[in-house]
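If you're matching positions, the sequence shown starts at 4 in the working numbering and goes up one per residue.
In this text, a Cβ means the ideal position worked out from N, Cα and C, and glycines have one as well.
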Amino acid sequence: MGPLPWKFNVNRKITDIVKRVYGETFSSAALHMLSEKIEKAKSTISHQRKKQWDEKDVVLITYADQFFSPDKKGLPLFTRFYNRWLASSFSHVHLLPFYPWSSDDGFSVIDYHKVAPETGEWSDVDELKKTASLMFDFVCNHMSAKSEWFSRYLQQQPGYENFFIAVDPATDLSGVTRPRALPLLTPFTLADGSVRHLWTTFSEDQVDLNFASPDVLLAMVDVLLHYLIQGADYVRLDAVGFMWKVPGTPCIHLEQTHLLIQLFRAITDEVAPGTVLITETNVPHKDNIGYFGDGHNEAQMVYQFSLPPLVLHAVHTGSVRVLCDWARGLSLPSDKTTWFNFLASHDGIGLNPLRGILPESEILSLVEKVQQEGALVNWKNNPDGTRSPYEINVTYLDALNKKESNDDERAARFILAHAVLLSFPGVPAIYIQSILGSRNDYAGVERLGYNRAINRRKYRDGEIDSELENTQSLRHLIYQTLTRLIAIRRGESSFHPASDAYFDAVNEHVLRIVRVSSSGERITALFNFTDTTQNVAVTTKNGRELITDTAISGSSLTLNPWQVMWIKEN
4 MGPLPWKFNV NRKITDIVKR VYGETFSSAA LHMLSEKIEK AKSTISHQRK KQWDEKDVVL
64 ITYADQFFSP DKKGLPLFTR FYNRWLASSF SHVHLLPFYP WSSDDGFSVI DYHKVAPETG
124 EWSDVDELKK TASLMFDFVC NHMSAKSEWF SRYLQQQPGY ENFFIAVDPA TDLSGVTRPR
184 ALPLLTPFTL ADGSVRHLWT TFSEDQVDLN FASPDVLLAM VDVLLHYLIQ GADYVRLDAV
244 GFMWKVPGTP CIHLEQTHLL IQLFRAITDE VAPGTVLITE TNVPHKDNIG YFGDGHNEAQ
304 MVYQFSLPPL VLHAVHTGSV RVLCDWARGL SLPSDKTTWF NFLASHDGIG LNPLRGILPE
364 SEILSLVEKV QQEGALVNWK NNPDGTRSPY EINVTYLDAL NKKESNDDER AARFILAHAV
424 LLSFPGVPAI YIQSILGSRN DYAGVERLGY NRAINRRKYR DGEIDSELEN TQSLRHLIYQ
484 TLTRLIAIRR GESSFHPASD AYFDAVNEHV LRIVRVSSSG ERITALFNFT DTTQNVAVTT
544 KNGRELITDT AISGSSLTLN PWQVMWIKEN
């Protein structure tokens, strides 16, 4: 790399990381380009980020085109709905990829810098920013086979020859971690007629980018800076664990991947202080928490991927032991990190995060149980030639319930699960299909041909408004109850993401979470994971139950089936 020119402006942390990843292959000229990109972005950004999260932070996960009509685009329609129904409950909106795309409902990006024309324009994003902080997806591992970058690669244009990863198909890749039951390599024909087998971790339409090329890094830093300029407060690093490939290794969680995340963190800290990076690594818990780095140099938040299947397991077994034991073991590397907690998203309920917590036999038993109630399952290939379930496809409302459950039972289990989510340390995120009380969309699966469509239904403009206005509907019941819980949480400092949290199993069926704020305020949360009443001894002699707004006294309480209590000490 050689000595840096005296005018070089990039901070030493950034140059040190670049040197560790690329060595001499990253030229001084490339470093100068990186410096110019960063300095230009710094001079452009005016949006001020919130410096630290608090109990008021609750994230809505949604598609930008969640609503449609013949004469209006998706983003303005969503903003209208959000401002009417959701703005008072949420601080942030995670807009799932809203860029031009060719497959995977947005995660096969054609152009990182544009808004999909059928969805809206950047001015529509700006309009939503008036009432919500925004979270963007940085789909950094792969891009669409229909993108201009990939077209230029196939045309063998100068500057693009190393943008993607060509591998001899005779190479032994049996040790590579596979998230899908699909071929790892896909053949493509170049302009000169030659055939190259390219790395496609997720599908033949999602071609992995070659971060070993400095040109790719510079291009993707451009994308990251563009999102910061456009006002992203949170940036989700999609499928980031697969970003660096070395044949002969599992090609996941490699040192270079962690270094690249450190680079992204250093750049965001330099350009837009307060920006939160969130890594999306749907893997066993011990690997997932590695993306905090040392607590200061990688992601500020990681997805709490074990929470959705563990809550589901507790509801179906009636036992809180596994959930409680796991929660007791949670720890953060610094006060600059926290959990991104969720129960449902556009993807299914991941099962890999259960591995190492539950024996495989119990995982398979859970899968079989929810399949009997109508859930679908996606599978992955293992290096030994076997396959395993990696994801349950279902709405979380239907995942928790039986086919014959009535609406009151459905809502009770659902609210219990979300009260657990809202009680956990960290920042909670709620998928739009959850707060809308959505059921499984089997028609969508049949129409679109993939299991994940079961939880991705889009709605005509006005359709959901009518159902939410209907006081007899399940959607109304869930919306009203859940938004009330969110409102209570946002008003209590004990639910600050960093407030102390203590977990214990009162008995086999009742979970207790105690949250204590920095000023000593204390809330005891009790959860009955059964359809029978549970009597619980309590130490709170003088308090108030926040959900029902009733006084608490005496030495014992009775929890009704699926009941939740949030008891604040006076």
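For this session: Would you please state the rounded distance, in angstroms, between the beta carbons of I41 and V274? I believe it to be under 8 angstroms.
Result: In the sequence shown, residue 41 corresponds to position 38, counting from 1. In the sequence shown, residue 274 corresponds to position 271, counting from 1. About 6 angstroms separates the two Cβ atoms, so the contact holds.
Problem set entry | Closest Cα partner of E511 within the set L326, R459, Q159 | For the purposes of this step, residue 511 is taken as residue 508 along the sequence shown, with counting starting at 1. Among L326, R459, Q159, the Cα nearest to that of E511 belongs to L326.
Problem set entry | beta strand (DSSP E) runs contained entirely in the stretch 53 to 77, provided each spans 3 or more residues | 62 to 65
For this session: Indicate whether L240 and A44 have their beta-carbon atoms separated by less than 8 angstroms.
Result: Here residue 240 refers to the residue found at position 237 of the sequence shown. Here residue 44 refers to the residue found at position 41 of the sequence shown. Against a cut-off of 8 angstroms, the Cβ pair of A44 and L240 comes out as no contact.
Problem set entry | Neighbourhood of H349 by C-beta, 8 angstroms cutoff - its chain only, sequence neighbours within 5 removed | As a working mapping, residue 349 is identified with position 346 in the sequence shown. So the list reads I64, Y66, L99, D108, Y434, R455, N458, R459, once near-sequence residues are dropped.
For this session: Taking all protein chains shown into account, decide if H116 is buried (16 or more other Cβ within 10 angstroms of its Cβ) or exposed.
Result: In the sequence shown, counting from the first residue as 1, residue 116 sits at position 113. Label assigned to H116: exposed.
Problem set entry | Helix, strand or coil at F530 according to DSSP, with G and I counted as helix | Numbered from 1 along the sequence shown, position 527 holds the residue referred to as residue 530. F530 falls in the strand class under three-state DSSP.
Exercise. Are the CB atoms of T574 and V238 nearer to each other than 8 angstroms?
Worked result: As shown, the chain starts at 4 and ends at 573. That puts residue 574 outside it, with no answer to give.
For this session: Return the chain-ordered list of same chain residues with a C-beta closer than 7 angstroms to the C-beta of W9, the five sequence neighbours on each side being excluded.
Result: Within the sequence shown, numbered from 1, the residue matching residue 9 stands at position 6. Confidence at W9 is low in this model, with a pLDDT of 35, below 50, so its placement is unreliable and the value that follows should be read with caution. Excluding residues within five positions, none has a Cβ falling inside 7 angstroms.
Problem set entry | E363 classed as buried or exposed, judged by whether at least 16 other C-beta atoms fall within 10 angstroms | Taking the first residue of the sequence shown as 1, we reach residue 363 at position 360. Burial call: exposed.
For this session: Please state whether DSSP places R455 in a helix, a strand or coil.
Result: As a first step, residue 455 is located in the sequence shown; it is residue number 452 there, counting from the start. Helix.
Exercise. Alpha carbon to alpha carbon, what distance is there between A269 and L471?
Worked result: To locate residue 471, count along the sequence shown from 1; it is residue 468. To locate residue 269, count along the sequence shown from 1; it is residue 266. Approximately 44 angstroms, taken between the alpha carbons.
Problem set entry | Inter-residue CB distance, S92 and V62 (contact presumed, cutoff 8 angstroms) | On the sequence shown, position 89 is the one that residue 92 refers to. On the sequence shown, position 59 is the one that residue 62 refers to. Actually they do not touch by this definition, with Cβ atoms about 11 angstroms apart.
Exercise. Do you know whose CA, among V224, K406, N344, S30, lies nearest F141's CA?
Worked result: To locate residue 141, count along the sequence shown from 1; it is residue 138. F141 has its Cα closest to that of V224, out of V224, K406, N344, S30.
Exercise. For W56, is the classification buried or exposed, using 16 other Cβ atoms within 10 angstroms of its Cβ as the cut-off for buried?
Worked result: Translated into positions along the sequence shown, residue 56 becomes position 53. Answer is buried; the Cβ neighbour count reaches 16.
For this session: Could you tell me which residues DSSP pairs with A330 in its beta bridges?
Result: Numbered from its first residue, the sequence shown carries residue 330 at position 327. DSSP, once it has assigned bridges, lists no residue as partnering A330.
Exercise. Which residue from H145, K289, W202 puts its Cα closest to that of L220?
Worked result: Numbered from 1 along the sequence shown, position 217 holds the residue referred to as residue 220. L220 has its Cα closest to that of H145, out of H145, K289, W202.
Exercise. Can the beta-carbon of V513 be found closer than 8 angstroms to that of L529?
Worked result: By one-based count along the sequence shown, residue 513 stands at place 510. By one-based count along the sequence shown, residue 529 stands at place 526. Yes; because the gap between Cβ atoms is below 8 angstroms, this pair is in contact.
Problem set entry | Through-space distance from K248 to A330, alpha-carbon basis | The residue you call residue 330 lines up with position 327 of the sequence shown. The residue you call residue 248 lines up with position 245 of the sequence shown. The straight-line gap from Cα to Cα measures roughly 33 angstroms.
For this session: List the residues that DSSP assigns as beta-bridge partners of T553.
Result: Numbered from 1 along the sequence shown, position 550 holds the residue referred to as residue 553. Bridge partners of T553: E548.
Problem set entry | Top-ranked residue by Cα proximity to K132, from D236, C143, S46, L34 | Taking the first residue of the sequence shown as 1, we reach residue 132 at position 129. The shortest C-alpha separation from K132 is found at D236.
Exercise. What is the residue span of the beta strand (DSSP E) that P190 lies within?
Worked result: Stepping through the sequence shown from its first residue, residue 190 is reached at position 187. Counting along the chain, the beta strand (DSSP E) containing P190 begins and ends at 188 to 192.
Exercise. Looking at the structure shown, is K383 part of a helix, part of a strand, or coil, going by DSSP?
Worked result: Here residue 383 refers to the residue found at position 380 when the sequence shown is read from its first residue. Reduced to three states, the DSSP call for K383 is strand.
Exercise. If you drop the 5 nearest sequence neighbours on each side, which residues of the same chain put their C-beta closer than 6 angstroms to that of V323?
Worked result: Along the sequence shown, one-based indexing puts residue 323 at 320. So the qualifying residues of the chain are A317, A508, L514, F532.
Exercise. So who's on the other strand from L212, going by DSSP bridges?
Worked result: On the sequence shown, position 209 is the one that residue 212 refers to. The partner list for L212 (beta bridge, DSSP) reads F167.
Problem set entry | Identity of the residues DSSP links to H145 by a beta bridge | Here residue 145 corresponds to residue number 142 of the sequence shown, with the count starting at 1. DSSP output for H145 lists D211 as bridge partner(s).
Exercise. Is F70 near Y482, with beta carbons less than 8 angstroms apart?
Worked result: Reading the sequence shown from its first residue, position 67 is the one you call residue 70. Reading the sequence shown from its first residue, position 479 is the one you call residue 482. Contact flag unset, no.
For this session: Give the straight-line distance between the Cα atoms of E121 and R83, rounded to the nearest whole angstrom.
Result: Your numbering for residue 121 matches position 118 in the sequence shown. Your numbering for residue 83 matches position 80 in the sequence shown. Their Cα atoms are separated by approximately 17 angstroms.
For this session: Alpha carbon to alpha carbon, how far is M246 from Y294? Give it in angstroms, no decimals.
Result: Taking the sequence shown and counting its residues from 1, the one referred to as residue 294 is at position 291. Taking the sequence shown and counting its residues from 1, the one referred to as residue 246 is at position 243. Rounded to whole angstroms, Y294 to M246 spans 13 angstroms at the Cα level.
Problem set entry | Alpha-carbon to alpha-carbon, R413 and K149 | For the purposes of this step, residue 149 is identified with residue 146 of the sequence shown, where counting begins at 1. For the purposes of this step, residue 413 is identified with residue 410 of the sequence shown, where counting begins at 1. Straight-line Cα distance between these residues: approximately 43 angstroms.
Problem set entry | C-alpha distance - E301 paired with F343, whole-angstrom precision | As a working note, residue 301 is residue 298 in the sequence shown. As a working note, residue 343 is residue 340 in the sequence shown. Spanning the two alpha carbons is a distance of roughly 14 angstroms.
For this session: Would you mind listing the alpha helix (DSSP H) stretches within the stretch 241 to 328 that are 4+ residues and don't spill past its ends, in chain order?
Result: 258 to 274, 288 to 291, 310 to 320
For this session: Check whether the Cβ atoms of D218 and N165 sit closer than 8 angstroms, and answer yes or no.
Result: Counted from its first residue, the sequence shown places residue 218 at position 215. Counted from its first residue, the sequence shown places residue 165 at position 162. In this structure, N165 lies closer than 8 angstroms to D218 by Cβ.
Exercise. Closest by CA to F243, which one among E258, Y230, G251, P312?
Worked result: Here residue 243 is taken as the residue at index 240 of the sequence shown, counted from 1. One detail in the question is off: residue 243 reads as Val in this sequence, not Phe. The candidate whose alpha carbon is nearest that of V243 is E258.
Problem set entry | Straight-line gap, T134 to A420 (C-alpha atoms, nearest Å) | As a working note, residue 134 is residue 131 in the sequence shown. As a working note, residue 420 is residue 417 in the sequence shown. Approximately 28 angstroms, taken between the alpha carbons.
Problem set entry | Through-space distance from D272 to S408, alpha-carbon basis | Position 405 of the sequence shown, counted from the start, is the residue given in the question as residue 408. Position 269 of the sequence shown, counted from the start, is the residue given in the question as residue 272. Approximately 49 angstroms, taken between the alpha carbons.
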